[in-house]
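Okay, so here's the structure we're looking at.
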């Protein structure tokens, strides 16, 4: 099932690639059907997923190749499965993809076939990252998913696309190559490549090795998220990417980073995560404020949203490393929420850009008068992104802040200021785009959203509302898994206390070196 | 070797084990003679290509037989030459590289049709030389293999006589190559003086700590470093690689490197003192840095690939550092093989694409490739695939090769080296990505493009490389099974 889900887009990509170049509408239709089918499969997996169980479900194991280890051979498997964490992200990915393909009708007019091929390859890469239960396979998908985005931005992007795409690629690859060394050390250190087995054994690794492997992983994920000092690639990539690329980048790709932090950072090395939590809390909270301040200063609408992503993902990082139940649930929920809200924002900006061909805030103003339907959607999305109660963003941010308050009240307070700033820049942007006098004559003749565009937005709007009102459905799917993660954290907190109380107990671990 | 020993060596030829071990070399040698003969005798002229191909096929079959033989012959000819599944796997690699170079050269040779038989014979001889090199258990035998490979290459580099660069490349390679050969001989002589032996098996048992022996080892290493272009012995590479006919460049980059590293990793590394590990690791990283920095500034794809081959040699040298002074417990040997196999098919593929572009009268400068994806999508896709593989992106052969190299480093507790190596590989991606940017993301020039000319051999070469890049990248299991002892 998961194998079908993961590789069906790849099959679709091959099919599209084999179509003649002129059959553009057929290619679009085929890609749309393929992603729609994947969406059905993915949602079926989501519905079928038993939220009451914490372990991996829908597992599939096939031998791939073996590595010769220190004592015994280490099998590398085509090992797939979902748990409460990944099932949400899989659902998010499969829902976004058909919309992305549909949105490409509006803005992709050259080399359509190639565009669709790369989109479909990317879907395989992203789904693969979330469902892979073998570190080698995970790494494989992790890097493979870079290539399509590199092309999507580099060929169909804006004016400075080459700079943006190469910067994006090199930044990410630098992180992932360091992670590669970490992956290898992990595999040979523990004699297994299977994630469930690694989860069982990881705490037995010496603390020093745990720490640096965690570091190698965390660097790659921090660049991907991006966490504060590594955020500069994001603004460029987001700004220059075509709408579909931005939606995918914000919606799914950044989640690969936070997913990695949760799975291979916190879940795999709870002890190190506990030690490193203050750093990540600080970076997360600073990211919230700094991203918001950056967003305030932008004149470019797309760049503004990109900076808001930095701020929103700061919340996710804060929630992850607060290491409390509500904060973790909030962080996971906020990953999904950010995908929906920011996806919507990028779609909307793309739609208005297709009409005005400018992203400069100064060139807008008073659009609401000529595009009332657009204005309605825009305001709704901004409110969802700013965390208006009743919509999706509120639930996630509230859970994160409430959960963080238990362990790190200071950083929670800093985070709260980010909520305020978020409302400020989002509402300011709304005012400058939608309201006020219609100063620019060329904006008078703008056509309002068409049926395709409304159809594109409605599913996400419905999701935003649904999550806002009924977050329990999603939270119930992930709660037991996250509880298990927290238990691991608590266990290592306990042993750490024990170690510090009884220094003697560190002796055996030193003797084993 | 005394005359009595030589006599026993020749008697040794009669055993079935020796025949099995030497069959690939005999096939290639026979091929050289027959290919040349076909040119002399008018009636046989049409048979030249079939003869060439059957010589390669026979050599490959003989190696394959060794690979699956229930009992490997091991050391034959009085313990001077080794034949077992490991050397057989390397032998197959050499046959593949020569075959690819031949296929690529068929599409490009225009001016020198008159010398085609010599060209083919030289290729066969080079293949035999590579096989002798990796199988050598004796420094003198290795030297024979080295010269059997190098002399044909000197001639092949200068094969496009009407082009000054080609002749210059041949001359440069000849001068520097002979210098390297001399270093090797000098090193062997010093080792012999210190220990009284040139047999690697005996040397491995002896204590090589004396200054004389160490100097000998250092000279041997330097000569091999010259051949595989390790920093600071890499400066000849760009000029020679750029000037030589492209298929020959491919052969030098892949075949020569494979043969020299085969010997270095299989035979010489266990002899090197573990105390020199840091030095070699630093040299390796410096080589990666020098290659990558050099490649970054290049505007010509052929020259860029030349520097990239230097960087790849650096990566391979990391394996030597990991394996020094001990029997191969970290799997450096299979890793080197896999990495080289991946590099061979990727680089050879890239050079074949370049050969094809050249045969169409295009320049290999980057700006001449602008927008290739528009008018030649298939060719651009192939080149893109090869470049991504050279950069080590997953789903290609290059990725798993890199994976195995880093795995060896981590297992040998050279984690810091691995991390620096990983960051240096990022640097390499900067110029590989530039190729893809030029190919796919920049608009095509307005002026007309010469009509593509179909050449089946180049198509076959690139197709074969692409298939192998993907197979090695996605389905490594059967190859890994071969490589396990």
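Residue numbers (this note's numbering), protein chains in the order written: chain F, 745 to 1257; chain S, 20 to 504.
Yeah, the Cβ is synthetic: ideal placement off N, Cα and C, and Gly gets one too.
Given 8 Å as the limit, is there contact between the region 208-218 of chain S and the region 252-269 of chain S, that is, 3 or more CB pairs closer than that?
-> Result no; under three Cβ-Cβ pairs closer than 8 Å.
In three-state terms, what does DSSP make of residue 808 of chain F?
-> Strand.
When you compare only the Cα positions, how much space is there between residue 289 of chain S and residue 356 of chain S?
-> Rounded to whole angstroms, the gap between the alpha carbons of residue 289 of chain S and residue 356 of chain S is 16 Å.
Out of F:1011, F:1063, F:1021, F:1043, state which residue places its alpha-carbon closest to the alpha-carbon of residue 1032 of chain F.
-> Between residue 1032 of chain F and the set F:1011, F:1063, F:1021, F:1043, the nearest pair of CA atoms involves F:1063.
Could you please give the first and the last residue of the uninterrupted alpha helix (DSSP H) stretch that includes residue 974 of chain F?
-> First-last for residue 974 of chain F: undefined, no H or E at that position.
Note down, in chain order, every chain S residue with its Cβ under 8 Å from the Cβ of residue 854 of chain F.
-> Result: empty, since nearest Cβ-Cβ is about 10 Å, beyond 8 Å.
How big is the Cα-Cα spacing for residue 1232 of chain F and residue 1150 of chain F?
-> The C-alpha of residue 1232 of chain F lies about 18 Å from the C-alpha of residue 1150 of chain F.
From the DSSP output, in three-state form, read off residue 1183 of chain F for me.
-> The answer is coil: DSSP assigns residue 1183 of chain F none of H, G, I, E or B.
Taking residue 963 of chain F as the reference, which of F:1001, F:935, F:830 has the closest Cα?
-> Comparing Cα-Cα distances from residue 963 of chain F to each of F:1001, F:935, F:830, the minimum goes to F:1001.
Residue from S:301, S:501, S:387, S:260 with nearest C-alpha to residue 327 of chain S = Restricting attention to S:301, S:501, S:387, S:260, the CA atom closest to the CA of residue 327 of chain S is found in S:260.
Cβ pair residue 1168 of chain F, residue 1036 of chain F closer than 9 Å | Yes.
Alpha helix (DSSP H) runs wholly inside the region 101-181 of chain S, at least 4 long, in chain order | Listed in chain order, they are 104-127, 135-154, 158-176.
For residue 908 of chain F, count neighbouring Cβ atoms within 10 angstroms of its own Cβ and tell me buried if that reaches 16, exposed if not.
-> Result: buried.
Neighbour flag for residue 812 of chain F against chain S, beta carbons, 9 Å = Residue 812 of chain F counts as touching chain S.
Own chain residues within Cβ distance below 8 Å of residue 237 of chain S, not counting five before or after | Only 206 meet the Cβ criterion.
Can you give me the Cβ contacts of residue 46 of chain S inside the same chain, cut-off strictly under 7 Å, excluding the 5 residues immediately before and after it?
-> If the five residues before and after residue 46 of chain S are omitted, its C-beta is found closer than 7 Å to the C-beta atoms of 74, 77, 78, 81, all from its own chain and listed in chain order.
Where residue 394 of chain S falls: helix, strand or coil (DSSP) | Three-state result, residue 394 of chain S: helix.
Excluding five sequence neighbours on each side, which residues of the same chain lie with their C-beta closer than 7 Å to the C-beta of residue 1021 of chain F?
-> The answer, listed in chain order, is 1065, 1067.
List the whole-angstrom C-beta distance separating residue 351 of chain S from residue 429 of chain S, where the pair is believed to meet the contact cut-off of C-beta under 8 Å.
-> 12 Å between Cβ atoms; not a contact.
Give a yes or no on contact between the region 834-846 of chain F and the region 799-817 of chain F, applying the rule of three or more CB pairs nearer than 8 Å.
-> The region 834-846 of chain F vs the region 799-817 of chain F: no contact.
State the CB to CB distance for the pair residue 460 of chain S and residue 906 of chain F, rounded to an integer number of angstroms; the pair is presumed to be in contact (CB under 8 Å).
-> That pair is a contact at about 6 Å.
Closer than 9 Å by beta-carbon distance: list the chain F residues that pair up with residue 41 of chain S, in chain order.
-> Within 9 Å Cβ-Cβ: nothing; residue 41 of chain S doesn't reach chain F, min ~31 Å.
Between the region 1192-1199 of chain F and the region 1124-1134 of chain F, do three or more beta carbon pairs fall short of 8 Å?
-> Segments in contact, no.
Report yes if the CB atom of residue 1004 of chain F is closer than 9 Å to the CB atom of residue 886 of chain F, and no otherwise.
-> Taking the C-beta atoms as reference points, residue 886 of chain F is found nearer than 9 Å to residue 1004 of chain F.
For residue 899 of chain F, which residues in chain S fall below 7 Å Cβ to Cβ?
-> Going along chain S in sequence order, the residues near residue 899 of chain F (Cβ under 7 Å) are 459, 460.
Straight-line Cα distance separating residue 463 of chain S from residue 126 of chain S | Spanning the two alpha carbons is a distance of roughly 25 Å.
In angstroms with no decimal places, state the Cα-to-Cα distance between residue 1144 of chain F and residue 1026 of chain F.
-> One alpha carbon belongs to residue 1144 of chain F, the other to residue 1026 of chain F, and they sit about 14 Å apart.
Roughly how many whole angstroms lie between the Cα atoms of residue 239 of chain S and residue 227 of chain S?
-> Annotation: residue 239 of chain S to residue 227 of chain S spans about 13 Å, alpha carbon to alpha carbon.
For the region 1068-1080 of chain F against the region 1220-1230 of chain F, are there 3 or more C-beta pairs whose distance is under 8 Å?
-> The region 1068-1080 of chain F vs the region 1220-1230 of chain F: in contact.
What do you reckon, are the CB atoms on residue 401 of chain S and residue 485 of chain S nearer than 9 Å?
-> Taking a C-beta distance under 9 Å as the contact criterion, residue 401 of chain S and residue 485 of chain S qualify as a contact pair.
DSSP on residue 920 of chain F, reduced to helix/strand/coil?
-> Reduced to three states, the DSSP call for residue 920 of chain F is helix.
Where residue 518 of chain S and residue 171 of chain S are concerned, what is the direct C-alpha to C-alpha distance, given to the nearest angstrom?
-> Only positions 20 to 504 of chain S appear in this structure, which leaves residue 518 of chain S out of reach.
Could you give the distance in angstroms between the alpha-carbon of residue 222 of chain S and the alpha-carbon of residue 235 of chain S?
-> Taking the straight line from one Cα to the other gives about 12 Å.
So with Cβ pairs under 9 Å, would you call residue 977 of chain F a contact of chain S?
-> For residue 977 of chain F, the nearest beta carbon of chain S is not closer than 9 Å to its own beta carbon.
CB contact below 9 Å: residue 906 of chain F versus chain S | By this cut-off, residue 906 of chain F is an interface position.
Residue 1223 of chain F and residue 795 of chain F: beta carbons closer than 9 Å?
-> Contact: yes.
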